[in-house]
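Novice: Got a structure here, written out as structure tokens. Questions coming.
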Amino acid sequence: MTGDVKALIAERAARELRPGEVVNLGIGIPNLIPGFLGPASGVVIQTENGLLGVGPRPQPGEEDPDDIDAAKLPVTALPGAAYFDSASSFAMIRGGHVDVAVLGALQVSATGDIANWAVPGKSVLGVGGAMDLVVGARRVIVTMTATSSAGEPKIVPRCTYPLTARGAVDTFVTELAVFRVQESGLVLTEFLGGANLEDVAAATAAPYEVALTN
Amino acid sequence: MTGDVKALIAERAARELRPGEVVNLGIGIPNLIPGFLGPASGVVIQTENGLLGVGPRPQPGEEDPDDIDAAKLPVTALPGAAYFDSASSFAMIRGGHVDVAVLGALQVSATGDIANWAVPGKSVLGVGGAMDLVVGARRVIVTMTATSSAGEPKIVPRCTYPLTARGAVDTFVTELAVFRVQESGLVLTEFLGGANLEDVAAATAAPYEVALTN
Amino acid sequence: MDPGKLVSAEEAVTRIGDGATILVGGFGLVGAPLALIDRLVETSNARDLTVVSNNIGEPERGLGRLLRQSRIRRGISSYFTSNPEAVEAVNRGDIEATLLPQGTFAEAIRAGGAGIGGFYTPVGAGTLLAEGKEEREIDGVLHVLERPIRGDVALVYAARGDELGNLWYRRTARNFNPLMATAADLVIAEVGELLPSGGIVAEDVHTPHLYVDLIVVSP
Amino acid sequence: MDPGKLVSAEEAVTRIGDGATILVGGFGLVGAPLALIDRLVETSNARDLTVVSNNIGEPERGLGRLLRQSRIRRGISSYFTSNPEAVEAVNRGDIEATLLPQGTFAEAIRAGGAGIGGFYTPVGAGTLLAEGKEEREIDGVLHVLERPIRGDVALVYAARGDELGNLWYRRTARNFNPLMATAADLVIAEVGELLPSGGIVAEDVHTPHLYVDLIVVSP
Chain A
674 MTGDVKALIA ERAARELRPG EVVNLGIGIP NLIPGFLGPA SGVVIQTENG LLGVGPRPQP
734 GEEDPDDIDA AKLPVTALPG AAYFDSASSF AMIRGGHVDV AVLGALQVSA TGDIANWAVP
794 GKSVLGVGGA MDLVVGARRV IVTMTATSSA GEPKIVPRCT YPLTARGAVD TFVTELAVFR
854 VQESGLVLTE FLGGANLEDV AAATAAPYEV ALTN
Chain B
674 MTGDVKALIA ERAARELRPG EVVNLGIGIP NLIPGFLGPA SGVVIQTENG LLGVGPRPQP
734 GEEDPDDIDA AKLPVTALPG AAYFDSASSF AMIRGGHVDV AVLGALQVSA TGDIANWAVP
794 GKSVLGVGGA MDLVVGARRV IVTMTATSSA GEPKIVPRCT YPLTARGAVD TFVTELAVFR
854 VQESGLVLTE FLGGANLEDV AAATAAPYEV ALTN
Chain C
37 MDPGKLVSAE EAVTRIGDGA TILVGGFGLV GAPLALIDRL VETSNARDLT VVSNNIGEPE
97 RGLGRLLRQS RIRRGISSYF TSNPEAVEAV NRGDIEATLL PQGTFAEAIR AGGAGIGGFY
157 TPVGAGTLLA EGKEEREIDG VLHVLERPIR GDVALVYAAR GDELGNLWYR RTARNFNPLM
217 ATAADLVIAE VGELLPSGGI VAEDVHTPHL YVDLIVVSP
Chain D
37 MDPGKLVSAE EAVTRIGDGA TILVGGFGLV GAPLALIDRL VETSNARDLT VVSNNIGEPE
97 RGLGRLLRQS RIRRGISSYF TSNPEAVEAV NRGDIEATLL PQGTFAEAIR AGGAGIGGFY
157 TPVGAGTLLA EGKEEREIDG VLHVLERPIR GDVALVYAAR GDELGNLWYR RTARNFNPLM
217 ATAADLVIAE VGELLPSGGI VAEDVHTPHL YVDLIVVSP
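See below:
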């Protein structure tokens, strides 16, 4: 996956976020989103290791060893930020007080199931906050390439990888398109990066309708 | 119940407390205990409305409206005190971090059952922290007169009033005696206020052994 | 940054509708959002309220005023007894009372805010207060299953708040306020002093601003 | 007032015996009690340890050192993956791994300290991580019953502590430390700075002193 593809996805995902929303950003593409949020975006970033009000990355040499995000990278805190312990942080997440979680996935299904923490046949030894976030956040946005490095579609009729949660995801953003999970099924609402129906069809294993919104 | 009787009981109960112990004091006689603890007692008082390190009552005119104890009376806070919310306070209590609870009772049984919150036939509309304290505190001391205002013994074979908790009490201090609840049964370990075996027998409905320790 | 949170007490209480469940902070009157309660009494007509509060105020003070107006249909509390008029109202059948041990009451509100579906506590197990509730032995000790409590609206009081809605509580006026601020769809915070954003040290924020929807400054 | 709480790191770790369950604070190495861990590695021989920590350190750092000594029998964690050597040790069968979602891990430790016998969470329900656990629907949503976690000893780090044992954590170095400080029979706090009693504002104490048994000052 090239930097261009990542940036394309992150930029589009950033436009999903509305002023005043509290957002938790996963490792990888979601972590690029702050670069696409203007200073007046009004989006508030929460990191599950205990900070609400994450600011920009510090300048080199100005890192504070006690200020990191969930990716264990240095961060700053904005004025009005608050720190809290991990039980409080996940109470916030599980309790539905985080508006949006943006995170990557290995597979997602047309009904919003998500698999993003384990590969079959390998030992599963890291889950972190992924399950809490997809269950707890009011809106879940998955940012990912349309296909795996082996070329397999990640949007599938039914996840074959171990599930993170069932029916939890609202929106998928890939380098090809934006999809919405709706009661009626999966809906493609927007093409990205110049992709067309054929490109998406080749990279998508799940059924979906097309209802472009722009 | 005269002030003398209350003071007698409170003074004896105070001697049950050891340096470094964290103690929660109920309404009534237990609230007199601080008057019998020397400044170097090392006893730390917790009040369940959210303060560890309760100090003496303030001088008249020096009350802080935000500083009260669970009896809703003004208190001060000692240096090194900590304030916390009610969930944290009861986490502390339920989790066994409060060493001793001292509280009153309507009835107690020879096996340490306690009834101290409700009278049969009356509506039961106040329980407060009593149940949490008797279940959570590591040691529970009941301070009470030996008999009710109607002259009925409060130490009974089996509580007839609604229970606060079963098998929770370790020690009873009345104006007549100190009792210990042991595996083998109830043991009278000390006479108080010049009482003798006959006085105690007349005021106690539960069976007990006598094994004086002083 | 979020000036939209600051409103008058009168405006804030218009958000409480008939039949609403309201969580009200305070241990007795200490830490109770008295200006909000007074406006609720004086300028709102919301009726059939379920009040979740450790006490139901005192006669003529705090929630006791609302009680006198017969606008409370149900109380969930650990200690109705501190207001004799609340006891009378329950005994007359005017209000329905649900009594919980104080620690269970606090924990249930925390659970409501924290997305916990229920919890087992040894407190109250085997007593009158466990009647009708599921009980089970865990590691040889009887426990009772308690359900989370949530409200439509929470009314809380904090000595200090900043413009974003971060809150800091003073002394024992903290009590149930931080829990209630997590457990309602709409959280209205009455603050004694309004500070600029960042006016509370970030490590010492007691209630992070995402919990607070509306801010009212005490008169 | 309680000078007995202050000890050397070397003395403190003698209290960890063979087979002990130890709770160790920190998110990665941030907020980890590194001086205590180093002394445990260098001066204690305690073996067959069960380590409850969000991560198992990094290679050659923090708990990763203890792992290399093959003194960890079991790990309870949300993210072993951050130390590849921990993953290898699990795959070789050298250590037994219990994986929990991070929020469940945190909540279970809080429950351990708070006397809660168990709690229902929707997180993980219906997944691999709920296998062997009781599940039930609550209000139409599948929940899984999780049990509290407690330790024999907790090792925590706080930037500031006072002589009584009150603790204050700096920035994101708070993480699991305050929870772990409530959930072990013996709590050893490593503090960056030791203050006189009362040196932390009473409202801003993060861990009240009754939770702390021993205090060690970072070198």
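Chains as they are written, first to last, in the working numbering: chain A, 674 to 887; chain B, 674 to 887; chain C, 37 to 255; chain D, 37 to 255.
Backbone N, C-alpha and C fix where the C-beta goes; we use that ideal spot for every residue, glycine too.
Note that the structure is a prediction, hence the values are computed from the model and not measured.
#1: Can you tell me whether Q780 of chain A is buried or exposed? The criterion is at least 16 other CB atoms within 10 Å of its CB, across all chains shown.
#2: So which of C:L59, C:D54, C:F155, C:V77 has the shortest CA-CA distance to A225 of chain C?
#3: Residues of chain C with a CB under 9 Å from the CB of V748 of chain A: which are they?
#4: I'd like to know if M37 of chain D contacts chain A, where contact means its C-beta is closer than 7 Å to some C-beta of that chain.
#5: Under 7 Å, do V695 of chain A and L178 of chain C count as touching if we go by C-beta distance?
#6: Cβ of V49 of chain C less than 7 Å from any chain B Cβ?
#7: Under 6 Å Cβ to Cβ from G67 of chain C, same chain only, skipping five residues before and after it: list those, please.
#8: Under a CB-based cut-off of 7 Å, is L725 of chain A close to chain C?
#9: What does the Cβ neighbour count give for K41 of chain C, buried or exposed, with the cut at 16 atoms within 10 Å?
#10: Whose Cβ in chain C lies nearer than 7 Å to the Cβ of N722 of chain B?
#11: Within 10 Å of its beta-carbon, does R146 of chain C have 16 or more other beta-carbons around it, so buried, or fewer, so exposed?
#12: Against T57 of chain D, what residues of chain C qualify as contacts under a CB-to-CB distance less than 8 Å, listed in chain order?
#13: Smallest Cα separation from E167 of chain C: which of C:A125, C:L181, C:F155?
#14: Would you please verify whether the beta carbon of I787 of chain A is less than 7 Å from any beta carbon of chain D?
#15: Taking only beta-carbon positions, decide if G801 of chain B is within less than 7 Å of chain D.
#16: Mind listing which residues of the segment 811-838 of chain A have their C-beta closer than 9 Å to chain C's C-betas, in chain order?
#17: In angstroms, rounded to a whole number, what distance separates the CA positions of L70 of chain C and G201 of chain D?
#18: With distances taken Cα to Cα, identify the nearest neighbour of R206 of chain D among C:S106, C:L222, C:A238, C:A195.
#19: Secondary structure at T816 of chain B, three-state DSSP: helix, strand or coil?
#20: Using the Cα positions of D221 of chain D and D198 of chain D, report the straight-line distance between them to the nearest angstrom.
#21: Once you ignore the five residues that flank M37 of chain D on each side, which residues in its own chain have a CB closer than 8 Å to its CB?
#22: What residues in the segment 772-786 of chain B have a beta carbon less than 7 Å from any beta carbon of chain C?
#23: Any chance the segment 827-836 of chain B sits against the segment 148-160 of chain C, with 3 or more Cβ pairs inside 8 Å?
#24: Looking at C-alpha atoms only, which residue of B:G768, B:I814, B:G840 is the closest neighbour of E889 of chain B?
#25: Any beta-carbon of chain A closer than 7 Å to the one on N81 of chain D?
#26: Kindly list the residues whose CB is nearer than 6 Å to the CB of V860 of chain B, restricted to its own chain and excluding five residues on each side of it in sequence; keep chain order.
#27: Quick test of your reading: V813 of chain B and A788 of chain B, contact by CB under 8 Å. State the CB separation rounded to the nearest angstrom.
#28: Quick test of your reading: V771 of chain B and Q732 of chain B, contact by CB under 8 Å. State the CB separation rounded to the nearest angstrom.
#29: Taking S761 of chain B as part of the alpha helix (DSSP H), name the residues at either end of that continuous run.
#30: Hey, does S233 of chain C have any beta-carbon neighbour from chain A nearer than 7 Å?
#31: Closer than 9 Å by beta-carbon distance: list the chain C residues that pair up with R767 of chain A, in chain order.
#32: Are the CB atoms of L751 of chain A and G728 of chain A nearer to each other than 7 Å?
#33: Based on Cα-Cα distance, which residue from B:A879, B:L849, B:D737, B:A878 lies nearest to A686 of chain B?
#34: Report the rounded CA-to-CA distance for A760 of chain B versus A810 of chain B, giving the unit in angstroms.
#35: Comparing the C-beta of A68 of chain D with each C-beta of chain A, is any distance below 7 Å?
Specialist: This is what the structure gives:
#1: So Q780 of chain A ends up on the buried side.
#2: Answer by Cα proximity: C:L59.
#3: Residues of chain C passing the Cβ test: none, with the nearest at roughly 12 Å.
#4: Because M37 of chain D carries a pLDDT of 43, less than 50, the predicted location of this residue cannot be relied on, and no value is offered for it.
#5: no
#6: no
#7: G61, Y193, A209, N211, N213
#8: It does; some Cβ of chain C falls within 7 Å.
#9: buried
#10: F63, T208, N211
#11: With 16 or more neighbouring CB atoms inside 10 Å of its own CB, R146 of chain C falls in the buried class.
#12: The contacting residues do not exist; T57 of chain D stays about 15 Å from chain C at best.
#13: C:L181
#14: no
#15: no
#16: none
#17: 36 Å
#18: C:A238
#19: strand
#20: 21 Å
#21: With a pLDDT of only 43 at M37 of chain D, under 50, the local geometry of the prediction cannot be trusted, and the value read off the model is given with reservation. Closer than 8 Å at the Cβ level, and outside the excluded window around M37 of chain D, lie E199, L200, S233.
#22: none
#23: no
#24: Outside the shown range of chain B (674 to 887) lies residue 889 of chain B, about which nothing can therefore be said.
#25: no
#26: R853, E882, A884
#27: Contact doesn't hold; Cβ gap of about 13 Å is too wide.
#28: In fact, because the Cβ distance is near 28 Å, the residues do not count as touching under 8 Å.
#29: 759-767
#30: yes
#31: A150, G151, I152
#32: yes
#33: B:L849
#34: 16 Å
#35: Chain A contact via Cβ: absent.
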